[in-house]
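Just so you know, the sequence shown maps onto residues 570 to 758 in this note's numbering. The C-beta atom is built at its ideal place from N, Cα and C for all residues, glycine as well. Bear in mind the structure is a predicted one, so any value in this text is a computation, not a measurement. Have a look at the structure below, then the notes.
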Amino acid sequence: TALFAESWNVAFRERPQGSILQDHNTPFVVIPNTSRHWAADPMVFFHQGETYIFAELYDYVLWRGVIGVTRYLGNGRFSPWKPIIQEDFHMSYPYVFRSGDEIYMIPETSRHHKVLLYRAVEFPFTWKLERVLKENVQWADTTIYPTEDGFRGHTQAYEKDGPVELELHFSHDLELHEATARPETDRKT
């Protein structure tokens, strides 16, 4: 029997001048994994003139994902991946966003049956669990964006009958007000 250890990498490239899909000249740079982690589910975030990439770091020792970050140093170089949020359950897909002067993150924590909101205390390395947005759910890859009346977003809910796409409605203070199934005609396949 062959032994196989799953491993992923994150790659980055400078913004092309034209369409990202038609640019065949700008090279991708693979960000090296550490000996303890491989990286997946990247989220690029710009802050004070710097480029950061947040990602799931799968920890070979813990056997689960933690959230980590790297900073772009220029000339295709990155700082080493650094774990920044580690819980006793698997985490991935670190969705990072701004609301006013604050920076928040909603990582994917569906195996924990909760949707969690973290706030940056000292960006990018120190985060505090701000609150539980929803309990007793298996929602994956929750993504939100600002609107005039608060925030809207979407997530993938895992139900008994299979996955369901949900549309989310949040207030300006990030309280979840409504989660409704998206009509079949709105879904992209």
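Span separating the alpha-carbon of residue i from that of residue j
{"i": "Val638", "j": "Thr678", "result": "18 angstroms"}
{"i": "Thr603", "j": "Asp718", "result": "42 angstroms"}
{"i": "Ile713", "j": "Phe720", "result": "6 angstroms"}
{"i": "Ile589", "j": "Thr595", "result": "9 angstroms"}
{"i": "Arg680", "j": "Phe647", "result": "31 angstroms"}
{"i": "Gly731", "j": "Gly643", "result": "44 angstroms"}
{"i": "Leu737", "j": "Tyr727", "result": "15 angstroms"}
Secondary structure of residue i, DSSP reduced to three states
{"i": "His738", "result": "strand"}
{"i": "Val604", "result": "Rather than Val, the amino acid found at residue 604 in this sequence is Ser. Note: Ser604 maps to coil in three-state DSSP."}
{"i": "Phe581", "result": "strand"}
{"i": "Arg700", "result": "strand"}
{"i": "His681", "result": "helix"}
{"i": "Thr620", "result": "strand"}
Residue closest to residue i, alpha-carbon to alpha-carbon, out of the options
{"i": "Trp696", "options": "Glu734, Glu619, Phe614, Tyr687", "result": "Tyr687"}
{"i": "Gln707", "options": "Thr724, Arg633, Arg700", "result": "Thr724"}
{"i": "Leu631", "options": "Tyr621, Ala748, Pro652", "result": "Pro652"}
{"i": "Phe615", "options": "Ala609, Ala608, Phe623", "result": "Phe623"}
{"i": "Pro611", "options": "His741, His746, Pro752, Asp710", "result": "Asp710"}
{"i": "His659", "options": "Asn578, Gly634, Gln591, Arg700", "result": "Gly634"}
{"i": "Trp577", "options": "Leu698, Trp607, Val613", "result": "Trp607"}
{"i": "Pro601", "options": "Arg640, Gly587, Leu685", "result": "Arg640"}
Same chain only: Cβ atoms within 6 angstroms of residue i, ignoring 5 sequence neighbours per side
{"i": "Met674", "result": "Pro663, Val665, Tyr687"}
Sequence-distant residues of its chain with Cβ nearer than 7 angstroms to residue i (five each side left out)
{"i": "Val598", "result": "Ala580, Phe581, Arg582, Gly645"}
Residue i CB to nearest heavy atom of the ligand SAM below 7 angstroms
{"i": "Ile654", "result": "Absence of the ligand SAM from the depicted structure is noted, as is the absence of any ligand whatsoever, leaving it without description."}
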